[in-house]
Each structure stands twice: as C-alpha cells, then as structure tokens.
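Below: the structure, in structure tokens.
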Amino acid sequence: MNRRHGSFTYRNEGSVQAFGSKENTLLVATPGKLVEWDRTRRRVAKEVPVDMEVTDVKDFNGHWVLLSKSSVGLLSGSKVEEVTTKGPLDASVVYRDRFLLVGDKEITVIAAMEESVEVRRTRLASDNGVCTCGVAATNKLFLSFENGKVFVVEEPKVTEILAGRASEMRMDEFQCLIFLKEPIVSINLLGDVLVVSLFNKKVLALSLETKEASFTELLYDIKASATWNNLIVVCDSRNNVIFLTQGLEVTYGNCLKEEICNILTDGPRLIIGFKVGVVKEYEGDDGAWAELACGVPR
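Residue numbers in the sequence shown follow the working numbering, run continuously in steps of one, and reach 977 at the last position.
Set out below in structure tokens:
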C-alpha cells in the first residue's frame with residue numbers, strides 16, 4: 680500500500696472482465712476464474728473456477744452476485760449457484776436488502792437468506808425501451824430508460840414491489856424527472872443531485888430539490904461514470920479519467936495508458952479496472968489524484 684497517495688495495485692492473470700468491492704474484499708472476474716483478494720493482507724484469498732462469462736459483479740447483502748448476459752449467480756464458498764435467468768440488457772440495482780433486475784417486460788426481485796434464495800417477479804408495462812441503469816436512495820429508486828427518460832419510484836410503491844404485493848408496475852404512472860432523448864450511460868447520486876451521464880459526451884446534474892439542471896459536454900463519448908467523495912468521475916472512450924465538481928467544473932483529468940473496463944466507488948475508494956489484468960484502487964481525496972498521473976502502475 681502506498682500510504683502517501685493511498686493506492687494499491689491488484690495484478691491478475693488474464694484480462695479483467697468485471698470486478699466488485701465489499702468491506703475488506705475485492706472480487707475480480709477473469710476468463711474462467713474468479714479471484715477474491717483480501718484487502719487487509721493484500722493477497723489472494725481464494726480462486727474459484729467459473730463457466731460463465733461474467734459481465735458484472737455486485738455486493739448484495741453480504742453476497743457476491745455474478746451477472747452474465749443470460750444468468751444471475753451467487754458465489755457460495757467455492758462454487759457459483761445459478762439463481763435465475765436474465766435478459767442480455769437487463770439493468771441491475773441493489774435496493775436495501777434486495778437485488779433487482781429491470782428487464783423490458785418484468786422486474787425480478789432476489790432475496791438471499793442464510794440457506795435459501797427467493798425470486799419474485801412483477802410485470803413491467805413501459806413504452807420507454809429497455810432500462811439502462813438504476814440507482815437507489817434511502818426511500819426511492821431512480822431508473823433511466825433507452826429513450827432518455829429518468830423516472831423516480833418512491834415508497835410505498837418500492838416496498839410493494841420488493842414484497843411481491845404489486846402485480847404490475849406501469850412506468851409512465853411515475854414521475855419523470857427529465858426527458859433527454861439521448862442514450863444514458865449511467866445515473867448516480869451526489870448528495871441531493873442526480874448525475875446523468877450520456878453516451879454522447881454530456882454530463883448533466885439535476886438538483887432533486889429545485890429540479891434545476893445544468894450540463895457540460897466533454898471531448899469524447901462516455902464509457903462509465905461514478906461519484907466519489909464530492910466529485911463526479913468519468914471515463915471516456917479514449918481512456919481519459921476526468922474529475923468534475925458538482926457544478927460540473929473539470930478539476931483534473933488524465934489519459935491512462937491501457938484500456939479501462941470499468942470504474943466503481945466504494946465509500947472512500949475509487950477502483951479502476953484495466954483489460955490488461957490490473958485493478959487499481961485509490962483511497963482518499965485530492966492526495967490520490969497524483970497517482971493517476973502515472974497511468975497503469977508499473
């Protein structure tokens with residue numbers, strides 16, 4: 680661990696397909712293998728062979744959820760148990776102690792107990808195309824769709840869906856916060872601001888209190904984005920990592936040497952995964968930025 684900059688490099692055999700973070704553990708999916716890292720000891724805790732091509736990893740209620748284009752699995756000890764099937768474009772979001780898959784025709788709710796897994800489904804009626812992203816707040820759920828609309832679903836409706844009491848969810852009955860008419864890459868929360876990243880170079884900040892919105896346009900198409908500390912972090916198609924304030928002012932940017940597969944945040948940690956097999960973790964605030972100037976660690 681580099682204490683001065685608060686960074687550490689996890690090196691893996693094979694390319695990084697996806698990765699997830701929880702407490703003192705980092706899980707990296709490579710072709711044919713899962714690698715679980717112990718953050719405290721900075722070494723591999725275990726390796727698990729897998730048959731599925733993992734496209735995303737989520738921490739869900741203390742469990743590792745593994746997503747492929749067609750299935751959802753849970754990592755249990757040294758094996759992966761398939762939970763349910765999914766569509767290739769289904770969006771996923773963790774809401775409290777439930778894992779949600781939002782497809783084009785239904786919402787699947789997964790609850791994992793100590794010795795069992797429960798799956799419930801609610802019909803989804805929507806003319807907005809596929810759901811592209813979801814983000815959870817304390818008592819509401821934000822969902823973005825293919826046509827550029829972002830909806831908010833509030834309590835008690837969310838609880839009705841989680842408990843299986845709602846037979847159908849009609850999307851257009853909920854409040855549409857914004858209609859952008861452009862493909863949305865991701866939505867994130869930064870305090871009371873909803874951050875919307877569009878594929879076509881734009882980042883938009885919407886105040887949930889005043890409903891006022893502002894946007895900025897970057898130089899290249901956006902691949903992924905996240906919020907970290909009080910900042911918006913964007914990765915573009917040229918492997919630039921760009922930091923913006925809540926007011927969308929660019930405060931720092933750097934072009935990294937290798938192709939980035941994804942970025943995610945976990946509390947004070949910013950985690951960047953590279954196709955070459957490297958996952959780099961930064962912890963802290965401004966002090967961690969300097970390490971980014973070095974690109975992929977040597």
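Using N, Cα and C, we set each Cβ at its ideal position, and we do this for glycine too.
Where residue i sits in the DSSP three-state scheme
i: R977; result: Low confidence applies here, because R977 scores a pLDDT of 44, under 50, leaving its location unreliable and the question unanswered by this model.
i: E852; result: helix
i: D735; result: strand
i: G782; result: coil
i: A708; result: strand
i: K828; result: strand
i: R948; result: strand
i: S886; result: strand
i: S749; result: coil
i: T763; result: strand
i: V912; result: strand
i: A981; result: No information on residue 981 is available, as it lies outside the stretch 680 to 977 that the chain covers here.
i: K860; result: coil
Cα-Cα separation, residue i to residue j
i: L746; j: R721; result: 26 Å
i: L705; j: G699; result: 6 Å
i: G685; j: N918; result: 22 Å
i: D912; j: N807; result: Checking the sequence shown, residue 912 turns out to be Val, not Asp. Distance between the alpha carbons of V912 and N807: 27 Å.
i: F858; j: V829; result: 7 Å
i: R718; j: F739; result: 18 Å
i: E938; j: K765; result: 28 Å
i: S847; j: G952; result: Note that residue 847 is Glu in the sequence shown, not Ser. Their backbone Cα atoms lie some 38 Å apart in a straight line.
i: N879; j: I901; result: 7 Å
i: C973; j: V832; result: Low local confidence applies: a pLDDT of 47 at C973 is under 50, so the model's placement there is unreliable, and no value is given.
Distance between beta carbons of residue j and residue i, contact taken as under 8 Å
i: L713; j: L754; result: 7 Å
i: T688; j: V872; result: Actually they do not touch by this definition, with Cβ atoms about 32 Å apart.
i: L780; j: V751; result: 7 Å
i: V723; j: W716; result: 6 Å
Local Cβ density within 10 Å of residue i, reported as buried at 16 or more and exposed below that
i: G813; result: buried
i: A854; result: According to the sequence displayed, residue 854 carries Gln and not Ala. Classification of Q854: exposed, given that the 10 Å Cβ count is below 16.
i: E962; result: buried
i: K959; result: buried
i: G870; result: exposed
i: D851; result: exposed
i: R777; result: buried
i: L885; result: buried
Start-to-end residues for the alpha helix (DSSP H) that takes in residue i
i: V955; result: Segment: none, V955 is in no alpha helix (DSSP H) and carries neither H nor E.
i: T838; result: K836 to L841
Residue range of the beta strand (DSSP E) that includes residue i
i: A905; result: I901 to W907
i: F878; result: Segment: none, F878 is in no beta strand (DSSP E) and carries neither H nor E.
i: S771; result: A770 to Y774
i: D945; result: I939 to D945
i: P728; result: R722 to P728
i: V798; result: V796 to A804
i: T930; result: V929 to C934
Chain B within 8 Å of residue i, Cβ atoms only
i: L897; result: Although the question refers to chain B, the structure presented lacks it and comprises just one protein chain.
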